[in-house]
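Colleague: Residue numbers (my numbering), protein chains in the order written: chain A, 11 to 685; chain B, 76 to 419.
Note that CB positions come from ideal geometry on N, CA and C, so glycine has one too.
If you're wondering where the values come from, they're calculated on a predicted model, not measured in any experiment.
Quick one: this structure, given as structure tokens, is what I'll be asking you about.
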Amino acid sequence: MKFSYQWLSELVPGLDIEPAALERLITTKTAECEGIERVASDWIIEIDNKSLTHRPDLWGHIGMAREVAAITGRSLRDPVELSALPPGEGRVRVEIEDLALCPRYSALMFENVRVEPSPDQIQARLDSIGLNSINNVVDATNYVLAELPQPMHAFDADKLRGDVITVRAARQGEQLVALNGETYRLDQADLVIADVEGPVALAGVIGGAETAISERTSRIILESANFQPTRVRLTSARHKLRTDASIRFEKSLDPENTIRGLARITKLFQTFAPQARPSGGVTDRGAELRVPAPIVLPLSFVAQKLGANLDRAELVRILTSLGFGISEDSPGFLTVTIPSWRATKDISLKDDLVEEIGRIFGYDNIAASAPIVACVPPPVDPARLYFRRIRSQLAAQGFTEVHNYSFTEAREVERFSFDIATHIAVANPIASNLSHLRRSLLPGIFRNIETNVRNCREFRIFEIGSEIHAGQGNALPNEIPHLAAALYNVQGDEQDFFELKRVLECVFPAARLTAVAARAYEHPARTAEVKWRDTVLGRIFELHPSLLEAVGIEGRAVVLDVDLRTASHLAERETVQYAPLRKYPTSGFDLSVIANLNTPVAEIHDRLVAVAGADLASIEFIRQYAGPPLVFGQKSVSYHLEVGAADHTLTADEATEIRNRIIAGMRQANFELRV
Amino acid sequence: MTEAALNAQLEELRRATLAGFASAVSLEELESTRVEALGRKGTLAQISKNLAKLLPEERARLGKLLNAVKQDLEQEYASKQRRFEQAALAERLSREWIDVSLPAPGLRPGSLHPVTQVQQEIEDLFTSLGFAVLEGPEVETEEHNFDALNIPPTHPARDMQDTFWLANGHLLRTHTSPVQVRGMRKFGPPLRLIAPGRTFRNEEVDASHEHTFYQLEGMMVDRDVSVANLIYFMRTLLASVFKREVMLRLRPGYFPFVEPGFELDIRCLICDGSGCAVCKQSGWVELLPCGLVHPNVLRMSDIDPDEWGGFAFGLGLTRLAMMRYGIDDIRLLQSGDLRFLTQF
Chain A
11 MKFSYQWLSE
21 LVPGLDIEPA
31 ALERLITTKT
41 AECEGIERVA
51 SDWIIEIDNK
61 SLTHRPDLWG
71 HIGMAREVAA
81 ITGRSLRDPV
91 ELSALPPGEG
101 RVRVEIEDLA
111 LCPRYSALMF
121 ENVRVEPSPD
131 QIQARLDSIG
141 LNSINNVVDA
151 TNYVLAELPQ
161 PMHAFDADKL
171 RGDVITVRAA
181 RQGEQLVALN
191 GETYRLDQAD
201 LVIADVEGPV
211 ALAGVIGGAE
221 TAISERTSRI
231 ILESANFQPT
241 RVRLTSARHK
251 LRTDASIRFE
261 KSLDPENTIR
271 GLARITKLFQ
281 TFAPQARPSG
291 GVTDRGAELR
301 VPAPIVLPLS
311 FVAQKLGANL
321 DRAELVRILT
331 SLGFGISEDS
341 PGFLTVTIPS
351 WRATKDISLK
361 DDLVEEIGRI
371 FGYDNIAASA
381 PIVACVPPPV
391 DPARLYFRRI
401 RSQLAAQGFT
411 EVHNYSFTEA
421 REVERFSFDI
431 ATHIAVANPI
441 ASNLSHLRRS
451 LLPGIFRNIE
461 TNVRNCREFR
471 IFEIGSEIHA
481 GQGNALPNEI
491 PHLAAALYNV
501 QGDEQDFFEL
511 KRVLECVFPA
521 ARLTAVAARA
531 YEHPARTAEV
541 KWRDTVLGRI
551 FELHPSLLEA
561 VGIEGRAVVL
571 DVDLRTASHL
581 AERETVQYAP
591 LRKYPTSGFD
601 LSVIANLNTP
611 VAEIHDRLVA
621 VAGADLASIE
631 FIRQYAGPPL
641 VFGQKSVSYH
651 LEVGAADHTL
661 TADEATEIRN
671 RIIAGMRQAN
681 FELRV
Chain B
76 MTEAALNAQL
86 EELRRATLAG
96 FASAVSLEEL
106 ESTRVEALGR
116 KGTLAQISKN
126 LAKLLPEERA
136 RLGKLLNAVK
146 QDLEQEYASK
156 QRRFEQAALA
166 ERLSREWIDV
176 SLPAPGLRPG
186 SLHPVTQVQQ
196 EIEDLFTSLG
206 FAVLEGPEVE
216 TEEHNFDALN
226 IPPTHPARDM
236 QDTFWLANGH
246 LLRTHTSPVQ
256 VRGMRKFGPP
266 LRLIAPGRTF
276 RNEEVDASHE
286 HTFYQLEGMM
296 VDRDVSVANL
306 IYFMRTLLAS
316 VFKREVMLRL
326 RPGYFPFVEP
336 GFELDIRCLI
346 CDGSGCAVCK
356 QSGWVELLPC
366 GLVHPNVLRM
376 SDIDPDEWGG
386 FAFGLGLTRL
396 AMMRYGIDDI
406 RLLQSGDLRF
416 LTQF
């Protein structure tokens, strides 16, 4: 919204503050200025529309002038003279079908109108605030729109058919050729102004071309109405048509302004269209105006909310300068009446008044102060701390954190043989790659690999993010935090798998792997399930080579995918219990177990532990070997064992006996030993 | 042998052995010279045997000389031996020279995402001030995201937020504010919380616009919470984030869930307020929206606004990370490009 400094000066007589300084004051006390620009002898101050969303009054110069007057301690000159309205019965017949949609409709007829260009200075003024000059009549309505702000519309009275204007819902299939030349197909959700034959305007949005004024017009009907904001907004959105009128009606305009607008334009016509004469008085239809309930404002409330003490006189001065009334001034509180232009939606609570007082008083005048509150440690979310620890551990192991989008698309998930239909769909995506929500972090990690192979021969990445799974019925989705980590190496081999396994064991010390059947995107011979105790945490696998080959990537990638919700629940239950140190030294020896090549080493390890029983103090894997003198298909797996007793040092004989017992036990389980 | 002859022998032994020590070029030579003179069967031992045959006073005199010679030789031997050992050590150490400028092998640590780093820093600050850190889901109900925040269906504020809608009427949260609602309903008053997380706006992506970005919501609800308290916390926050005192100002800003509502600006850190391209010559940079919690918002989460009040603020974590590191293209943050990510 653009404001003319000259126009504001006319409404705040004696305004002597520099435009640039005024712009800064408006920004800190009222609404955000986006810039100030010199236009001829005037300055145009542009205010961010978003900062005016809640202030219908600021869509006209008088609203901003009132702010300026309050800020600078001057008085406001109201340009409206209600006495300018012609007396007598209205000559225009108006019927309103639904007062909720059109709370007020005022109209006034003028005759002997000569439609011609406006005076130059009027054209220039409208132009400087972004309103095109059309002709003297339209310019006068726009002047009122930019000043009060009251959108108005001028009909050519001789083109209206019948003798009644009806405000009603459009009928299905009705059409309107609008002033902009476009044809709009209407339905019952649209509110229209109609004559006996059909719609002549889309209420609050745009007038019709058929009844528009032209150079041949001599009698006009001026519409000055108030429409329900939501209905205007929806109609404007549905027809993709935002006009200077609809933007204002959306904000909940002051219904008092319909009559004030007619009074103002009557006065303006003395300059804009001096020959024009009112024909009859004003027609004014609508619901009874709502008188807003006054607000009881305890002075202590203001002090408590602002954290600053303003004296009573200051409060009264600020409120009255903004147009509020003080209906009762009792010890300890004020009873504040709300002016009509602030009552439509902006001000209804005492908290709203605190804002009015605070901003004019100046927030810079409030000194910072620490609250007096109980010192209590905040509740802690253990999962969050756990994730943080995982992040720093992975970073220490050379992994760099990535953030991927929560979105995915068919092309990406189908690579992993996921069914896109199981993903939650976005109803209004702006791009095809935002069509669905991710239910796995893997497609994102795959994209990261694709991105980085161009620049790095070897890298490690991870992400902690949520898988989003559709919920039951109308329940919110199940968002499961996951860790996905990948290790890529252009010259990768099976050692990469064990490197990632090592990292896994650093981060999740209790994790154990079991070989499982691979999924479509996993290497069929290099895939394992990760378990903690007996709970499945996730999977670790080499990415199926064909996935990389399909996009022309050389090398190998090993990937870890862990359900962090499960992991953090398990981690929370982990406790450390001290075990007393051994009092007596242990004895050590090595054992080499012969097994088939495909016997998992874990099986041998577990068997040794079971056979050794309580004598075992520790067991350590040394190496595995296959080759001569072993027969083909066999391997030898070597361990170092330490054995001991709790109450004495083992003798050499006792140690040998334990060793022999273990060897015998292994033989019983069909494991030969190299002795 | 006479005393005189033995005397001469001792003097000769001293001279010859010292000469032998002096000319020894290795530890071995030194040792054999020592053994020859001082060994169990060495010259000194031979002389000492002859001492027995002398008269007692002669023996006393010669014995004294013998001890003196022995001491001199042992001393000289020890000092020469030390010199050889030192030379040998020095030689060995010099052979152990390494080129310290050679690159060290092995892995370097990776790094956390810049947004994570900024987020953790602010979490730590607020935790130390007694605030809980809460998380909420990315997918929210309309009720949490709008209605309970005093944004009814017909409210134009919904136009301000371009929302990603899902098929069943749920949405991707447009701000972290719904976590206020979750926090109030979970803990009740009094409470202090922050809620960092991912938020979404349905808009086209370019260097300064993203459909996915991070916010950090903050809220305090207590008996008596004022604008002055809000200013206090914002000062503390900003001093901690920017590692220096930052001048701030509050100006009116409209957000349906706060009343009064503010935009918080900071004095431009680039030009210190004199005006530059970053602050568009205004001297101020808009940083975060904040305000006192609207009574309707409290009421909708079963908190009586006549007894309790609060403040809330919403910090753009993505924006803050960009400011801190001078990142000029928001798209890099979610690019997964290691050339970018490994810089932090």
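1. What are the complete alpha helix (DSSP H) segments, minimum 4 residues, inside the segment 443-525 of chain A?
2. Taking the alpha carbon of L553(A) as the point to measure from, which residue in A581(A), L601(A) and E504(A) has its own alpha carbon closest?
3. Taking the CB atoms as reference points, tell me whether V202(A) and A219(A) lie closer together than 9 Å.
4. Please confirm whether N236(A) has its beta-carbon closer than 9 Å to some beta-carbon of chain B.
5. When you compare the CB positions of L81(B) and L129(B), do they come within less than 9 Å of one another, or not?
6. Could you please give the first and the last residue of the uninterrupted alpha helix (DSSP H) stretch that includes T417(B)?
7. So, Y289(B) versus Q195(B), is the Cβ gap smaller than 9 Å?
8. Less than 6 Å between C-beta atoms, sequence neighbours within five positions excluded: which residues of the same chain meet that for G205(B)?
9. Using C-beta distances below 8 Å, list every residue in its chain close to V292(A), excluding the 5 sequence neighbours before and after it, in chain order.
10. Could you tell me the alpha carbon to alpha carbon distance between G348(B) and M397(B), rounded to whole angstroms?
11. Assign T418(A) to one of three DSSP states: helix, strand, or coil.
12. Should the segment 318-328 of chain B be called in touch with the segment 366-376 of chain A, which here means at least 3 C-beta pairs below 8 Å?
13. Hey, K261(A) and R76(A): beta-carbon distance below 9 Å or not?
14. Rounding to the nearest angstrom, what Cα-Cα distance links S602(A) and N680(A) in this structure?
15. How is the beta strand (DSSP E) around L201(A) delimited, first residue to last?
16. Output, in sequence order along the chain, the residues in the segment 380-407 of chain B whose CB is closer than 9 Å to any CB in chain A.
17. Out of R592(A), Q160(A), T418(A) and P453(A), state which residue places its alpha-carbon closest to the alpha-carbon of H658(A).
18. From A235(A) to L329(A), what does the alpha carbon distance come to, in whole angstroms?
19. When the distance is taken between beta carbons, is L497(A) closer than 9 Å to E509(A)?
20. Return the residue from the list L367(B), F317(B), Q121(B) and K116(B) that minimises the CA-CA distance to W383(B).
21. State the Cα-Cα distance for the pair H286(B) and P387(A), rounded to the nearest angstrom.
22. Within 10 angstroms of its Cβ, does E424(A) collect 16 or more other Cβ (buried), or is it exposed?
23. Using a cut-off of 7 Å between C-beta atoms, extract the partners of Q314(A) located in chain B.
24. Verify the CB distance criterion: does V175(B) have a CB-CB separation below 9 Å to chain A?
25. In chain B, which residues lie less than 7 Å from H64(A) when you measure between Cβ atoms?
26. Should C112(A) be flagged as near chain B, meaning a C-beta pair shorter than 9 Å?
27. To the nearest angstrom, report how far apart L416(B) and T311(B) are at their CA atoms.
28. Compare the Cα-Cα distances from L688(A) to each of L155(A), E422(A) and S646(A) and report the closest residue.
29. Evaluate A222(A) with the Cβ neighbour count: other Cβ atoms within 10 Å of its Cβ, from every protein chain shown; 16 or more gives buried, anything less gives exposed.
30. Going along chain B, which residues have a C-beta under 8 Å from C466(A)?
31. Skipping 5 residues on each side, what residues in its chain have a beta carbon closer than 8 Å to that of E532(A)?
32. In this structure, does DSSP put M294(B) in helix, strand or coil?
33. Quick check on the burial criterion: 16 or more other C-beta atoms within 10 angstroms. Buried or exposed for Y588(A)?
34. Out of A50(A), D166(A), R124(A) and V568(A), point me to the one whose CA is closest to N146(A)'s CA.
35. Between L325(B) and chain A, is the shortest Cβ-Cβ distance under 9 Å, so that the two count as touching?
36. May I ask you to list, following chain order, the residues of the segment 514-536 of chain A that have a beta carbon less than 8 Å from some beta carbon of chain B?
Modeller: So, from the listed chains and residues:
1. 452-462 and 504-517
2. Nearest in C-alpha terms to L553(A), of all of A581(A), L601(A) and E504(A), is E504(A).
3. no
4. With 9 Å as the cut-off, N236(A) does not count as an interface residue toward chain B.
5. yes
6. From DSSP, T417(B) is part of no alpha helix (DSSP H); its letter is neither H nor E.
7. no
8. R267
9. L95, P96, G100, S116, A117, L118, I269 and L272
10. Separation of G348(B) and M397(B) (C-alpha to C-alpha, rounded to the nearest whole angstrom) is 20 Å.
11. strand
12. yes
13. no
14. 14 Å
15. Counting along the chain, the unbroken beta strand (DSSP E) around L201(A) starts and ends at L201 to A204.
16. Taking 9 Å as the upper bound on Cβ-Cβ separation, chain A lies near residues P380 and G384 of the segment 380-407 of chain B.
17. R592(A)
18. If you take the alpha carbons of A235(A) and L329(A), they lie about 29 Å apart.
19. yes
20. When only C-alpha atoms are compared, the closest one is L367(B).
21. 36 Å
22. Exposed.
23. Residues of chain B passing the Cβ test: D299 and S301.
24. no
25. Y329
26. no
27. 29 Å
28. A question about residue 688(A) goes unanswered here, because the residues of chain A that appear run from 11 up to 685.
29. buried
30. L413
31. Apart from the 5 residues on each side of it in sequence, E532(A) sits with its Cβ closer than 8 Å to the Cβ of R549, F551, E552, L553 and H554 in its chain, given in chain order.
32. strand
33. By the neighbour-count rule (16 or more Cβ atoms within 10 Å), Y588(A) is not buried but exposed.
34. R124(A)
35. yes
36. Residues: none.
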